[in-house]
Amino acid sequence: MPKDGFVTSIARQSDDFAGWYNDVVRKAELADYSPVRGCMIIRPYGYAIWESMRDELDRHIKASGHSNVYFPLFVPRSLLEKEAEHVEGFDPQVAWVTHAGGEALSEWLAIRPTSEALIAESVRDWIQSYRDLPLLMNLWNNVVRWELRTRLFLRTAEFLWQEAHTFHATEDEAADEVATGLDCYRAVAQDWLAIPVVRGVKSRAETFPGAVYTWAIEAMMRDRRALQAGTSHMLGQNFARAAGIEFLDRDNVRRHPYGTSWGFSTRMVGATIMAHGDDAGLVLPPNVAPLQVVIVPIFRREEERVAVMAAVERVAASLAGVRTASGPLRLRVDERDETPGFKYNHWELRGVPFRLELGPRDAAADQAVLVRRVDRAKETLPLAALPDELPRRLADYQAALFERAVGFQEANTHRVETLYEFRATLEEQGGFLLAPWCGDAACEARVNAETGATIRVIPFDEPAEAGRCLVDGAPSERRALFARAY
RNA sequence: CGGGGUGUGGCGUAGUGGCUAACGCACGUGCUUUGGGAGCACGAGAUCGUGGGUUCGAAUCCCACCGCCCCGACCA
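In our numbering, the protein residues as written are 5 to 490.
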């Protein structure tokens, strides 16, 4: 069926990126649709990827002093409505429980779209003195936002995430916390998922409802579109004031604490797929890959089978105690009664970083052929070398994927000066566009209306640069990062 | 919610008023196979989205409803 023998059961990435993405998610058995529109069933292989990034992020969150907690799924309507901007921002997306126990509820219950309001209300009594601060909490939970258009992992009506909620005595301390949250995300994205990110502050239009400002990391997918990969919000005193939280400070003055919140969701599974995948399917960084190495035994006759399986068992035993950057080596021997070609395609589609082919010739020579998923490069290695070589190869592979992604992002980031140039570059090349912007929301809206691109962030790593706004020519101090986004 | 599509075994499709609804993939059993998605044989699997109507006869025509997909507005 396939002319060149390689994976052909999925749409080509270059022809139809959206079709490719869907095929990969379904055929690599990451997720499925559910009986409820827009909701997602996460299958074992997809959930293992999520667990890996979740656990890594959890380590960062705990290492920076936060404790995991739990707050309920339901938020009384009156409570959600306390912070005016917040309710306005979320209202269209909230799912409500109106009946329970066969009777209409006297007050509707929101299924949490996020937990700021509930938490602010709940911690009021916990915060009496500056000595009760900072309060550093994190929730792993699910939230519901009734999206009109959904895509597996990227935008589902219900999704899994982590939401950190913190309260501080001073604005400076809260500001530091916003940076801490964003840095957790940067670390996981870059070091674990091998996805380079641009850090920056959101424009007013893109700021979280109820926040004073929002920081974010943005990543580039292989179709050159942007994906918001994590956000960290300075809530100021907004929610504390709405909920009436006050503490007595050192100087015997009652004050509202300053809050932050930050979130990272199952959307990052989608980001990992779209940042690294290719026409053959998933390409997973070794740190998140549920399987890092698959051994494919190859034989014809019975005596070959015996010899090959003996060698396979020796290799597997020699690799049993091997550790990698993300824990014990995750290895599987594919003993299914299928042809080798079938297995190659099967595991390439699933993005396993390395496969080890071991046939009669290899068994006789105490060697195996190691094939790298990302470029199918092959090398023959002595079996005895594998316990030392595999962890090194996996680390190199992780680094190479990151470098490749950095190169791709740099090659597709363009500096433009005028709206004309902006439009032409976006049409012809896509990608990230760094353009001078005066800060006026009307200019931002006009770019969006004319090109479909939005301001992703005003990047921290771009130096201040006097210029003229790409839309109205007004003086600008910095460049904003624009892109078409998910 | 506006515009455009579409609904037939698990998946992808054919069938557009007439016999027992057809084909490919996938699935089960057996034999032969196995270094890039193996072959043959036999087999199981379908209230044709739902309800109503027209007709001697409906997967096919009509009406209503429901679901899903794509494009827009909302968004982690």
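Every residue gets a Cβ at the ideal spot worked out from N, C-alpha and C, and that includes glycine. Small disclaimer: the values here were computed from a predicted structure and weren't measured.
- Rounded to the nearest angstrom, the Cβ distance from residue 54 to residue 168 is 18 Å, too far for a contact under 8 Å.
- In terms of CA proximity to residue 118, 91 leads the group 104, 332, 91 and 241.
- Contact annotation: residue 312 and residue 302 have beta-carbon atoms nearer than 8 Å.
- According to DSSP, residue 146 shares a beta bridge with 164.
- Looking only at 232, 205, 486 and 377, the smallest Cα-Cα distance to residue 285 is reached by 377.
- DSSP places residue 66 in the uninterrupted alpha helix (DSSP H) bounded by 48 to 67.
- With fewer than 16 other CB atoms across the displayed protein chains lying within 10 angstroms of its CB, residue 254 is exposed.
- According to DSSP, residue 72 shares a beta bridge with 142.
- Between the alpha carbons of residue 71 and residue 173 lies a gap of roughly 18 Å.
- Judged by their CB atoms, residue 390 and residue 322 are nearer to each other than the 8 Å cut-off.
- Separation of residue 68 and residue 184 (C-alpha to C-alpha, rounded to the nearest whole angstrom) is 8 Å.
- In the structure shown, residue 105 falls within a coil segment according to DSSP collapsed to helix, strand and coil.
- Around the CB of residue 351, 16 or more other CB atoms lie within 10 Å, so the residue is classed as buried.
- Bounds of the alpha helix (DSSP H) holding residue 346 are 344 to 353.
- When only Cα atoms are considered, residue 18 and residue 417 end up about 19 Å apart.
- When beta bridges are read from the DSSP output, residue 237 appears opposite 218 and 265.
- By the criterion of a C-beta distance shorter than 7 Å, residue 248 is surrounded in its chain by 128, once the five residues flanking it on both sides are discounted.
- Remark: C-beta atoms of residue 243 and residue 124 approach each other more closely than 8 Å.
- A direct Cα-Cα distance of roughly 14 Å separates residue 134 from residue 263.
- The stretch 414 to 428 makes no contact with the stretch 368 to 386, as fewer than three CB pairs between them are under 8 Å.
- Distance from residue 220 to residue 272 at the Cβ level is roughly 13 Å; contact not present, criterion being Cβ atoms closer than 8 Å.
- With 16 or more other Cβ atoms from the protein chains shown falling within 10 Å of its own Cβ, residue 372 counts as buried.
- In this structure, residue 268 keeps its C-beta atom at 8 Å or more from the C-beta atom of residue 140.
- According to DSSP, residue pairing for residue 251 in a beta bridge involves 259.
- The C-alpha of residue 480 is placed about 19 Å away from the C-alpha of residue 427.
- By the neighbour-count criterion, in which a residue is buried when 16 or more other Cβ atoms sit within 10 angstroms of its Cβ, residue 14 is buried.
- By the C-beta criterion, the stretch 430 to 449 is judged not to be in contact with the stretch 383 to 403, since fewer than 3 inter-stretch pairs fall below 8 Å.
- Contact annotation: the stretch 203 to 210 touches the stretch 456 to 465, with at least three C-beta pairs closer than 8 Å.
- Between the alpha carbons of residue 340 and residue 103 lies a gap of roughly 50 Å.
- DSSP, read as helix, strand or coil, puts residue 278 in helix.
- In the structure shown, residue 372 falls within a strand segment according to DSSP collapsed to helix, strand and coil.
- The way I'd put it, the stretch 28 to 41 doesn't touch the stretch 140 to 152; fewer than three beta-carbon pairs between them come closer than 8 Å.
- Distance check between residue 77 and each of 110, 121, 63 and 106 places 121 closest, using alpha-carbon atoms only.
- In the DSSP assignment, the residues bridged to residue 100 are 114.
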